[in-house]
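Those protein sequences? They're chains A and B, same order as listed. With the first letter of the first sequence counted as 1, position 130 gets the number 141 in my numbering; the numbers rise by one all the way through. With the first letter of the second sequence counted as 1, position 162 gets the number 181 in my numbering; the numbers rise by one all the way through.
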Amino acid sequence: MAEQLYQRDVYGAALVKLGALDKNIVVLDADLSSSTRTNLFAKQFPDRFFNFGVAEQNMIAAAAGLASCGKTVFLSTFAVFASGRAWDQVRVSISYNNFNVKIVATHAGITVGPDGASHQALEDIALMRVLPNMNIIVPSDGPQTEDAIMAAAKNVGPFYIRLGRSKVPTIENLGEFKFGQAQLLTEGNDVTLIACGAMVTQALAAVKNLAAKGIQARLINLHTIRPIDREIILKAARETKLIIACEEHSIFGGLASSIDEVVAENFPVKVIRVGVRNRFGQSGEPEELLKEYNLSSLDIERAVLANISEK
Amino acid sequence: MANKQLTIEELAGQARQIRRLIIQMLAKAGSGHPGGSLSSADLITALYFNVLRFNPADPQWPDRDRFHMSKGHCCPLWYAVLAKTGYFPEEKLFTLRKFGSMLQGHPDRKTPGVESASGSLGQGLSIALGMSLAAKVDKKDYRVYVLLGDGEVQEGSIWEAAMACAHFSCDNICAILDFNGCQIDGRCEDIMGLEPLAAKWQAFGWQVIQINGHDMTQILAAYDQAKTIKNKPTIIIARTVKGKGVSFMEGVVGFHGRAPTAEEAQRALKELA
Numbered sequence: 012m013a014e015q016l017y018q019r020d021v022y023g024a025a026l027v028k029l030g031a032l033d034k035n036i037v038v039l040d041a042d043l044s045s046s047t048r049t050n051l052f053a054k055q056f057p058d059r060f061f062n063f064g065v066a067e068q069n070m071i072a073a074a075a076g077l078a079s080c081g082k083t084v085f086l087s088t089f090a091v092f093a094s095g096r097a098w099d100q101v102r103v104s105i106s107y108n109n110f111n112v113k114i115v116a117t118h119a120g121i122t123v124g125p126d127g128a129s130h131q132a133l134e135d136i137a138l139m140r141v142l143p144n145m146n147i148i149v150p151s152d153g154p155q156t157e158d159a160i161m162a163a164a165k166n167v168g169p170f171y172i173r174l175g176r177s178k179v180p181t182i183e184n185l186g187e188f189k190f191g192q193a194q195l196l197t198e199g200n201d202v203t204l205i206a207c208g209a210m211v212t213q214a215l216a217a218v219k220n221l222a223a224k225g226i227q228a229r230l231i232n233l234h235t236i237r238p239i240d241r242e243i244i245l246k247a248a249r250e251t252k253l254i255i256a257c258e259e260h261s262i263f264g265g266l267a268s269s270i271d272e273v274v275a276e277n278f279p280v281k282v283i284r285v286g287v288r289n290r291f292g293q294s295g296e297p298e299e300l301l302k303e304y305n306l307s308s309l310d311i312e313r314a315v316l317a318n319i320s321e322k
Numbered sequence: 020m021a022n023k024q025l026t027i028e029e030l031a032g033q034a035r036q037i038r039r040l041i042i043q044m045l046a047k048a049g050s051g052h053p054g055g056s057l058s059s060a061d062l063i064t065a066l067y068f069n070v071l072r073f074n075p076a077d078p079q080w081p082d083r084d085r086f087h088m089s090k091g092h093c094c095p096l097w098y099a100v101l102a103k104t105g106y107f108p109e110e111k112l113f114t115l116r117k118f119g120s121m122l123q124g125h126p127d128r129k130t131p132g133v134e135s136a137s138g139s140l141g142q143g144l145s146i147a148l149g150m151s152l153a154a155k156v157d158k159k160d161y162r163v164y165v166l167l168g169d170g171e172v173q174e175g176s177i178w179e180a181a182m183a184c185a186h187f188s189c190d191n192i193c194a195i196l197d198f199n200g201c202q203i204d205g206r207c208e209d210i211m212g213l214e215p216l217a218a219k220w221q222a223f224g225w226q227v228i229q230i231n232g233h234d235m236t237q238i239l240a241a242y243d244q245a246k247t248i249k250n251k252p253t254i255i256i257a258r259t260v261k262g263k264g265v266s267f268m269e270g271v272v273g274f275h276g277r278a279p280t281a282e283e284a285q286r287a288l289k290e291l292a
């Protein structure tokens, strides 16, 4: 059994590391610090932590004010609030100003589970992706979460980092993380699976099952949604002619759309979307919900089998 | 930088010059917002010439006092003051709102002296709060000034920020509320009543100073008083007249967002001579 980690635990620990290294880092939260794990930083560096209460709009514009004075700002809340509740503040005060603010949003996707639809962000990548200057990372497991946080700290400018609520298995041999450069996890020329976040684990299982059926699937971990790795996508389009996009997000505006935009302009191939199809979420356990919303490894496998003969 | 202190008469003279520039810029641009630019002209002229600590040769000087114009549509005023205080040559003002200009229709960081974009109302008090917290973290003594519109405080996010500025005891913040009583669709009291405005800010934990926003003596006294208050933020609620200084614009809602025609500009400049 692989090691299982909460991405937010890793995030909290990474913040503490960064806080010790760089006195310029400040951290903000909006009454969710025990869930987002920014409370670890708050305990170590109380003078550089500010809790804004239940007021995300204020927190996000205040982050811009701090950044205007040279601070590197990490702020956290749930993904629904970080992306939706204060979108105009993100747009005008952070993205337009191109300020050095890192929005680390936790509890994204359907695997939020029992809290239900209001708390399951299925639109956040879409909302953030349309903003100029915004960099977006969706790390696939615990260790990659630390890589993403370090990359955001190192690269000046606005970032949106999307983390889940539930524990995720650590992926073996994931390889080195390079910001903006997707990872090739398995070789294969029959079909390409492109996934991000927790869906990378589902896609890996699908690759194994497909191999047993004689299908060699290429798997790409597209952890950086922006700036997007065009080369790896176009190479996959040319060499495998069929792409399955797997994301714990709406089929509109997220990973799949990002891939569509790249291939449509350069080398159009079929892109099948494994994602949430124009629905809100609901309460349930993560595994139940992945099944209900057709996001399991089995669903990925089915999508491949249904489309591969038409290639 | 120690600014040269102007006398009340000199400040009034500067404010008149700045009003003239606002009219000329807007007439040339053919669009923009004269009403609120003119109503807050005295407040911001006094702030830049006699209160604010800054160095136009080094706009990013870390110890500078911060000013942010939350009601971004009044940027013609801001640009005129920045030019008059040496941030850039006055002739640049006449590129306002033109393609390729550093003077955008609403504030943008490409203008020297502009700390943050604005234009979407209700965000500036939060920006000021962030600047104030940065001063706390860095143990710096700079002060943060922010200009709010009266219609703007109908935005809920202003009150989120008001609550937080008091919670964090931001005594380095001085908000200036240009209370001209008008917004785009009419009188504030008809569109969405603000009163009791002073009591609201007091209840949120602010020190409130109420003045006539066209009386330079009162304006300077208010800025001085704000500096002396410890442990709480200050708001100067300044009663003003929209379109102040141009008779046919004064109190006229229509001039919130309409530039004067060439003929109107001529008449206005005669009054401001």
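Cβ atoms here follow ideal geometry from the backbone N, Cα and C, with glycine treated the same way. Since this is a predicted model, take the numbers as computed values, not measurements.
Rounded separation between residue i and residue j - CA only
i: A46 (chain B); j: E208 (chain B); result: 30 Å
i: S151 (chain B); j: A218 (chain B); result: 24 Å
i: A53 (chain A); j: K155 (chain B); result: 16 Å
i: G153 (chain A); j: T117 (chain A); result: 13 Å
i: F188 (chain A); j: Q142 (chain B); result: 36 Å
i: A78 (chain A); j: Q227 (chain A); result: 47 Å
i: R48 (chain A); j: K23 (chain B); result: 50 Å
i: A21 (chain B); j: I243 (chain A); result: Here the model assigns A21 (chain B) a pLDDT of 44, short of 50, so the residue's position is not dependable and the matter cannot be decided.
i: A76 (chain B); j: V37 (chain A); result: 29 Å
i: T251 (chain A); j: N200 (chain A); result: 5 Å
i: F56 (chain A); j: K281 (chain A); result: 50 Å
i: I121 (chain A); j: S139 (chain B); result: 32 Å
i: D161 (chain B); j: I230 (chain B); result: According to the sequence displayed, residue 161 (chain B) carries Tyr and not Asp. Using only the alpha carbons, I get a separation of about 24 Å.
i: Y171 (chain A); j: Q79 (chain B); result: 27 Å
i: M210 (chain A); j: R290 (chain A); result: 18 Å
i: L185 (chain A); j: K224 (chain A); result: 24 Å
i: V172 (chain B); j: L195 (chain A); result: 52 Å
i: M235 (chain B); j: A31 (chain B); result: 7 Å
i: G81 (chain A); j: A25 (chain A); result: 21 Å
i: G264 (chain A); j: E272 (chain A); result: 10 Å
i: P81 (chain B); j: A153 (chain B); result: 11 Å
i: A102 (chain B); j: E109 (chain B); result: 5 Å
Residues near residue i by beta carbon distance below 6 Å, same chain, minus five either side
i: H192 (chain B); result: Note that residue 192 (chain B) is Ile in the sequence shown here, rather than His. Cβ within range, chain order: A147, S151, V163, C184, P252.
i: E283 (chain B); result: none
i: N220 (chain A); result: E312
i: R59 (chain A); result: V37
i: A248 (chain A); result: V274, F278, V280
Sequence-distant residues of the same chain with beta carbon closer than 7 Å to residue i, five excluded per side
i: A275 (chain A); result: none
i: H130 (chain A); result: F89, V91, H118, V123
i: R34 (chain B); result: Sequence inspection shows Ala at residue 34 (chain B); the Arg mentioned does not correspond to that position. For A34 (chain B), where only same-chain residues beyond five positions count, the Cβ hits under 7 Å are A60, D61, T64.
i: K322 (chain A); result: K252, L253
i: V65 (chain A); result: A41, D42
i: M211 (chain B); result: Q173
Assumed close pair residue i, residue j - CB separation to whole angstroms, cut-off 8 Å
i: F68 (chain B); j: L40 (chain B); result: F68 (chain B) to L40 (chain B), Cβ: 14 Å. No contact.
i: M182 (chain B); j: A99 (chain B); result: Going by Cβ atoms, the distance from M182 (chain B) to A99 (chain B) rounds to 34 Å, so no, they are not a contact pair.
i: I231 (chain A); j: A267 (chain A); result: Contact doesn't hold; Cβ gap of about 13 Å is too wide.
i: G76 (chain A); j: S145 (chain B); result: 7 Å
i: I254 (chain B); j: L196 (chain B); result: 6 Å
Bridge partner(s) assigned by DSSP for residue i
i: C201 (chain B); result: B:R206
i: N62 (chain A); result: A:D40
i: G168 (chain B); result: B:D197
i: K113 (chain A); result: A:F85, A:F170
i: E253 (chain A); result: Residue identity differs from the one stated: residue 253 (chain A) is Leu in this sequence, not Glu. In DSSP, L253 (chain A) forms a bridge with A:K281.
i: Y17 (chain A); result: A:K178
i: R241 (chain A); result: Paired residue(s): none; R241 (chain A) is not in a bridge.
i: Q100 (chain A); result: According to DSSP, which records beta bridges pairwise, Q100 (chain A) is partnered with nothing at all.
i: V202 (chain A); result: A:A228
Same chain only: Cβ atoms within 8 Å of residue i, ignoring 5 sequence neighbours per side
i: D33 (chain A); result: T83, A164
i: T181 (chain A); result: A13, E14, Q15, L16, D152, G153, P154
i: K261 (chain B); result: G54, G55, L57, S58, N199, G200, C201, M268, E269, G270, V271, V272, F274, H275
i: N109 (chain A); result: N144, G168, P169
Any chain C beta carbon closer than 9 Å to residue i
i: V37 (chain A); result: You won't find chain C in this structure, because its protein chains are A and B.
Contained alpha helix (DSSP H) runs [length at least 4] in the stretch 224 to 274 of chain B, N- to C-terminal order: 235 to 247
Alpha helix (DSSP H) segments (min. 4 residues) lying fully within the stretch 258 to 283 of chain A: 266 to 277
Could you pull out every unbroken alpha helix (DSSP H) segment of at least 4 residues lying fully inside the stretch 147 to 189 of chain A, listed in chain order? 153 to 165
Runs of 3 residues minimum, wholly inside the stretch 84 to 170 of chain B: which ones carry the beta strand (DSSP E) assignment? 85 to 88, 163 to 168
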